[in-house]
């Protein structure tokens, strides 16, 4: 059983020879490869190179082709600044001073913004790794989170109360873009698709059910029609919506370290594969090797007995984490 087979079996909640390991790595990989963030974020060859170099050094089971969650919002009209060696930053939100949806740019995944960079990195990684290691590629963000990025998070949260129909219309538009982008990524050779939805973790359960869940569910259903599994990630403590996250239809829920893994297994075990959830800062960055081992074995004991676990960091591995 190679790494690709092991990971796919875990996603399907089958027994594996061992629990697959796929940490969430961006900053660590580019730092280890001495590639500036600006170059990594805008060059598919450099992105694939950094991810594969980290994989070869540590021999985990798969890579995460990703850079930042501003790919789609940039393509739709937000102004982005790429610092030399820091993650991209917003300069202007396209809907930050207006609710005029006609201001949104039409998107072509093969030519808009940095979308082709992700497609290129995915294709190059697949050419290099084949079906030996697992390749999951980030489709940026779920529809709710893209809508929040286009408008600005604070304004968008206010829209949920003050102009809910506008919010729903905007998320609907974003859903179509996510689907088109994800299908292009699938055609580029990814083994799985993934997106995050962290802004939705900051709203109430009721608002999640109305403004986030239906659109994530539609996007995931369409993306799964490609034949690829879909991963779904929300940072922070998602205990209040973990059951609803499973209702999206995602094959894998990426669980942050702030969530009790036993609680997750109790709520959704047997319905989805779980990825996580070693503390990236308190354990991986600041802990000892013994701390990492103990935390990892706890995750395996809680969620990995009968398949259905991908051992990972709860969120991104910090840049200066000891090798």
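In the working numbering, the protein residues as written are 3 to 325. Don't be surprised by glycine CBs; every beta carbon is placed ideally from N, CA and C.
Asked, Found
"Starting from the Cα of residue 1, find the closest Cα among 89, 154, 59, 12 and give me that residue.", "Any property of residue 1 remains undetermined from this structure, which presents the chain solely from 3 to 325."
"Using a Cβ-Cβ cutoff of less than 8 Å, which residues in the same chain neighbour residue 17 once the five nearest sequence positions on both sides are dropped?", "11, 308, 309"
"Can you tell me the Cβ-Cβ gap for residue 182 and residue 109, rounded? I've got them flagged as a contact below 8 Å.", "7 Å"
"With 16 other CB atoms within 10 Å as the buried threshold, where does residue 49 fall?", "buried"
"What is the rounded straight-line gap between the Cα of residue 21 and the Cα of residue 6?", "12 Å"
"Would you call the stretch 249-260 and the stretch 287-294 in contact, with 3 or more CB pairs under 8 Å?", "no"
"So, at 6 Å on beta carbons, what are the nonlocal neighbours of residue 188 in its own chain, with the 5 sequence-adjacent residues on each side left out?", "228, 230"
"Looking at the secondary structure, which residues open and close the alpha helix (DSSP H) in which residue 39 lies?", "39-44"
"The alpha helix (DSSP H) that contains residue 232, what's its start and end?", "Not the alpha helix (DSSP H): residue 232 falls in the beta strand (DSSP E), residues 232-236."
"When the Cβ atoms of the stretch 74-83 are set against those of the stretch 93-100, are three or more pairs found closer than 8 Å?", "yes"
"Please give the ranges of any beta strand (DSSP E) in the stretch 257-307, keeping only runs that are unbroken, at least 3 residues long and fully inside the region.", "275-280"
"Would you list, in sequence order, the uninterrupted alpha helix (DSSP H) runs of no fewer than 4 residues that lie entirely inside the stretch 174-244?", "215-226"
"What span of residues does the alpha helix (DSSP H) with residue 156 cover, start to end?", "155-164"
"Can you tell which of 117, 30, 3 has the C-alpha that lies nearest to the C-alpha of residue 59?", "30"
"From the DSSP output, in three-state form, read off residue 323 for me.", "coil"
"If we call anything under 8 Å between Cβ atoms a contact, is residue 235 one with residue 196?", "yes"
"When you compare only the Cα positions, how much space is there between residue 133 and residue 166?", "45 Å"
"Mind listing, in chain order, the continuous alpha helix (DSSP H) runs of no fewer than 4 residues lying wholly within the stretch 23-72?", "29-34, 39-44, 46-60"
"Considering only DSSP beta bridges, list what residue 94 is partnered with.", "81"
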